[in-house]
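**Student:** Here it is: the structure, laid out below.
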Amino acid sequence: MSQFDKLLQRIRSLDKNLRFEELQKILEHYGYTMSGPASVSSHKSFRKPGKTTITIPQHNPIKRAYVEDVKAIVESEDESDENN
Numbered sequence: 003m004s005q006f007d008k009l010l011q012r013i014r015s016l017d018k019n020l021r022f023e024e025l026q027k028i029l030e031h032y033g034y035t036m037s038g039p040a041s042v043s044s045h046k047s048f049r050k051p052g053k054t055t056i057t058i059p060q061h062n063p064i065k066r067a068y069v070e071d072v073k074a075i076v077e078s079e080d081e082s083d084e085n086n
């Protein structure tokens, strides 16, 4: 199992020790781009055309609510890949 697959598994299990960088890697894999103020705010937004923007604070570890949001995105993206 690759490191990326292990990371996906941790997100699906709602691991409470996930770091911001790990969520960023997953979202970027699914085509989201990160934006946000360089040093003014700790919150970063992830955007993808046709999808809802998700904003995540750049703290470690990430709170469960944000991991749940990313998990929903992963499941939605995987489902749309299966339907195509």
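If you're matching positions, the sequence shown starts at 3 in this note's numbering and goes up one per residue.
The beta carbon of each residue, even a glycine, is placed where N, CA and C say it ideally should be.
Please read these numbers as outputs of a predicted model, since none were measured by experiment.
Taking only runs that begin and end inside the segment 28-57, name each unbroken beta strand (DSSP E) of 3 or more residues, in chain order.
**Tutor:** Runs found: 35-37, 45-49.
**Student:** Is the segment 26-35 close to the segment 65-78, with three or more CB pairs under 8 Å?
**Tutor:** Flag = yes, the segment 26-35 and the segment 65-78 touch.
**Student:** Quick check: E81 and L16, are their CB atoms within less than 8 Å of each other?
**Tutor:** Numbered from its first residue, the sequence shown carries residue 81 at position 79. Numbered from its first residue, the sequence shown carries residue 16 at position 14. No.
**Student:** Based on Cα-Cα distance, which residue from H45, K50, G52 lies nearest to I58?
**Tutor:** Here residue 58 refers to the residue found at position 56 of the sequence shown. Selected option, being the one with the closest Cα: H45.
**Student:** Could you tell me which of D7, K8, I28, R21 sits nearest to V72, measuring between CA atoms?
**Tutor:** Stepping through the sequence shown from its first residue, residue 72 is reached at position 70. The candidate whose alpha carbon is nearest that of V72 is I28.
**Student:** If you draw a straight line from the alpha carbon of F22 to that of S4, how long is it in whole angstroms?
**Tutor:** As a working mapping, residue 22 is identified with position 20 in the sequence shown. As a working mapping, residue 4 is identified with position 2 in the sequence shown. Spanning the two alpha carbons is a distance of roughly 20 Å.
**Student:** Based on DSSP bridge pairs, tell me the residues matched to P63.
**Tutor:** Here the question's residue 63 lines up with position 61 in the sequence shown. DSSP lists no partner for P63.
**Student:** Taking C-beta to C-beta, are L20 and I56 nearer than 8 Å?
**Tutor:** Your numbering for residue 20 matches position 18 in the sequence shown. Your numbering for residue 56 matches position 54 in the sequence shown. Not closer than 8 Å, so no.
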